[in-house]
Amino acid sequence: MNYPAYRDDLNLQRVKVAQATWQSEAELYPILKAALDMPPESWDRIERHSTQLISALRAEQRPPLIDRFLTEYGLSSDEGVQLMRLAEALSRTTDSETANQLIHDKIAGGNWLSHVGGGRGMIMNMSGRVLHLVGKWLQWSDRHSGDSIRPISSLGDSVVRQATRTAIRTLSSQFVFAETLSGAMKRAKGYQRDGYLFSFDMLGEAARTHDDAAKYYKAYNDALDIVALHAKSDDPRHNHGISVKLSALHPRYEYGHAARVVPEIAELLKPLALRARAANVQLTIDAEEAERLDISMDVLASLVAMPELKGWHGLGFVVQAYQRRALPLLRWLQEQSRQLGARLFIRLVKGAYWDSEIKRAQEMGLKSYPVYTRKDMTDLSYLACARTLLDHPDCFTPQFATHNASTIAAIQEMASKGMRVEFQRLFGMGQQLHDMILKGPNVISRVYAPVGTQRDLLSYLIRRLLENGANSSFVHKLVDHDTPISNLTQSPIEALQQEGDIENSSISAPRDIFGGVRQSAQGWDLSHPLVQQEFQSGLEKHSNINWSAAPVVDGTIAPGDSCPIQNPANLEDIVGHWTSADEATANSAMEAASNAFRTAPNLSPKERAEKLRKA
């Protein structure tokens, strides 16, 4: 696409961020490789270091139960997929009849005994046998649903339903730190003794109403009050922090409403930022879906421009390495840091919305995907971004969110000697690895800890289950002793070279999902600033044209009374005129059609095709 000039108020670096959104992975590979610039001897040291970490982790006698469970019932098994679907759907099911049918559908036909034996531990064997017995009960209950035993069947279904809900709540609790921030601060004390810090996030997704937004804003306000009370250091790097989802603060947090929403959200964040500054607490703008990145950048730029926040080293932003524009985004963030007159906290993550980003691009019929189609490309992007962050300590205080031992080894290899490096992990994931690296020198580990009730958990839980259960997940492979350690320590560059092609050929381009039979309709992502600018330019170009619509019969415009066409958004704006067809015009049209029907057989196929194309 040939992009038009971008918005006048934004600079060239912002344009580069936008242009990289759908840039070819083949074009980006050499750029990322050059940005990383890792010599062979460094890769050798990284491999040795990560091998030591992984060997030590596998030597642990009792890996976390949640890791063992999600490895056993990962997304590579039919039973794992069914449990995933059950966890997702049962959380939204309120009536008992639907819940019973759902549990029956997902459990009754599973081969649960295939997850028993074979050297599995007692708890894994027990879970497989219990699920097998539940499946047998459901099958029996289904066959014997007559009146004489209906009370027994109903009682049994009720027990199964309650037990299943309890099991899913137990699973959920593995990823949620506490229901209230007061409870979270009490629980955090035990982790603090081991050296951990926290970034707290109030559970909940995008606000749907202004009441939702007000509730979330109050939750962030209250959370900041509590975290501020426990901030003992003058340096925000050594205090707990708060992560804020901007979509939770406004029900219309969309690019199309940016002109109104950005200043409103910036004004909401301003008092939070001032209080965080006074208390030496980090305030981080969290990452969301790709279509929200540009508007999040606008909000950050608005905060940076506020005189009251100049020189504040406490403002943070999350960068998702799986987005193709991650590297130019960091260059834009450098400019923001210099304008702020202070370092920005940058939490570098790989990204949690990959599945939905792929699906959205396919549904919209976009030119390409905003995310990488290979995990190895995401890993390479992550390390290239890490290099950029480490090379600019004047602009960034990096926070590396990862559960991958090889990634940690690579970052420690890149860090300057004696540099203190912060790693982050999600609560419920990667604790063994982070416990281990905390014992080493110059390491800070911070836990991203969601706080909230079961009611607000659904979307977050599903993302965690997808991450843990995916075959490509490091956490999944780590516990799987059938995966050779060498597969986990391989550099992303070497892995991509073995693949042969940079782009994942098993994932068709968004418009080619019908396997070459036909292309899907082309879509336009109006949350993308350059696409939106192209549409806006077209509107402005044609805004002064007075459009006219009238019946055309046999190539001649029919006469008639002209009526104005009003802009429905502004009735005083006349955009054109239209003429209606009367009875005489309709008769003329039918006569012309009859005449054409008689002469059409004399036309060649090519002539008929040309007329159809013209029509």
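First residue of the sequence shown? That's 2 in this note's numbering, and the numbers climb one at a time after it. No residue lacks a Cβ here, since even glycine has one placed at the ideal position from N, Cα and C.
Consider the Cβ of glutamine 140: report whether some Cβ of chain C lies at a distance smaller than 7 Å.
The displayed structure is made up of one protein chain only, and chain C is not part of it.
Closest to valine 160 by CA distance: which of Ile55, Ile104, Glu268 and Leu284 is it?
Ile104
Is it buried or exposed for histidine 239, if we count other Cβ within 10 angstroms and need 16 for buried?
exposed
Start and end of the beta strand (DSSP E) containing isoleucine 508?
Premise fails: isoleucine 508 is in no beta strand (DSSP E) and is neither H nor E.
Look at the Cβ atom of glycine 1, then the Cβ atom of serine 581, and state whether they are nearer than 7 Å.
Because the chain spans 2 through 616 in this model, residue 1 falls outside it and cannot be assessed.
Measure the CB-CB distance between aspartate 513 and leucine 367 and report whether it falls below 7 Å.
no
Own chain residues within Cβ distance below 7 Å of cysteine 386, not counting five before or after:
Val320, Ala322, Ala327, Leu328, Leu331 and Leu349
Near aspartate 79, what residues of its chain come up, given a Cβ to Cβ distance below 8 Å and the 5 sequence neighbours on each side ignored?
Gly111 and Asn112
Would asparagine 488 and arginine 375 be called neighbours here (beta carbons separated by less than 7 Å)?
no
May I ask you to report which of helix, strand or coil DSSP gives glycine 242?
strand
Which residue from Val480, Asn126 and Glu364 puts its Cα closest to that of glutamine 520?
Glu364
Since I believe valine 282 is in contact with glycine 257 (beta carbons under 8 Å), could you give me their beta-carbon distance rounded to a whole number of angstroms?
Actually they do not touch by this definition, with Cβ atoms about 33 Å apart.
In angstroms, rounded to a whole number, what distance separates the CA positions of asparagine 596 and proline 602?
11 Å
To the nearest angstrom, how far is the alpha carbon of serine 446 from that of alanine 522?
47 Å
Should the region 243-251 be called in touch with the region 269-277, which here means at least 3 C-beta pairs below 8 Å?
yes
I want to check one thing, is the minimum distance from the CB of histidine 239 to the heavy atoms of the ligand MN below 6 Å?
The ligand MN is absent from the structure shown, which contains no ligands of any kind.
Taking its Cβ as the centre, do 16 or more other Cβ atoms sit within 10 Å of methionine 123, making it buried, or is it exposed?
exposed
Outcome for isoleucine 150 when other beta-carbon atoms lying within 10 angstroms are tallied against a minimum of 16:
Low confidence applies to isoleucine 150: its pLDDT is 49, below 50, so where it sits in the model is not reliable enough to give any reading.
Inspect the beta-carbon positions of alanine 229 and alanine 189 and report whether they are closer than 7 Å.
no
Where alanine 302 sits in the DSSP three-state scheme
helix
Does tryptophan 44 come out as helix, strand or coil in the three-state DSSP assignment?
helix
Hey, leucine 390 and alanine 411: beta-carbon distance below 7 Å or not?
no
Rounded to the nearest angstrom, what separates valine 130 and valine 117 at their Cα positions?
This sequence places arginine at residue 130; valine is not what is there. Roughly 7 Å separates the two Cα atoms.
Measuring straight from C-alpha to C-alpha, what distance separates threonine 543 and alanine 19?
Position check: residue 543 holds histidine in this sequence, whereas threonine was assumed. Distance between the alpha carbons of histidine 543 and alanine 19 is about 25 Å.
Any idea what DSSP makes of glycine 556, helix, strand or coil?
coil
Got a sec, what are the start and stop residues for the beta strand (DSSP E) aspartate 202 sits in?
197-203
Residue from Ser507, Lys360 and Thr398 whose Cα sits closest to the Cα of glutamine 335:
Thr398
Can you look up histidine 1 in the DSSP assignment and give me helix, strand or coil?
Outside the modelled stretch of the chain, which goes from 2 to 616, sits residue 1, for which no answer is possible.
For serine 446: DSSP bridge partner residues
Tyr197 and Phe424
Can you tell me which of the three DSSP states threonine 165 falls into?
helix
Close-in-space but distant-in-sequence residues of the same chain around valine 305 (CB under 6 Å, 5 per side omitted):
Gln337, Gln340 and Leu341
Quick check on isoleucine 347: does DSSP put it in helix, strand or coil?
strand
Less than 6 Å between C-beta atoms, sequence neighbours within five positions excluded: which residues of the same chain meet that for proline 606?
none
Do you know offhand how far glutamine 193's Cα is from asparagine 222's?
23 Å
By how many angstroms is the C-alpha of phenylalanine 515 removed from the C-alpha of leucine 310?
51 Å
From threonine 484 to lysine 478, what does the alpha carbon distance come to, in whole angstroms?
6 Å
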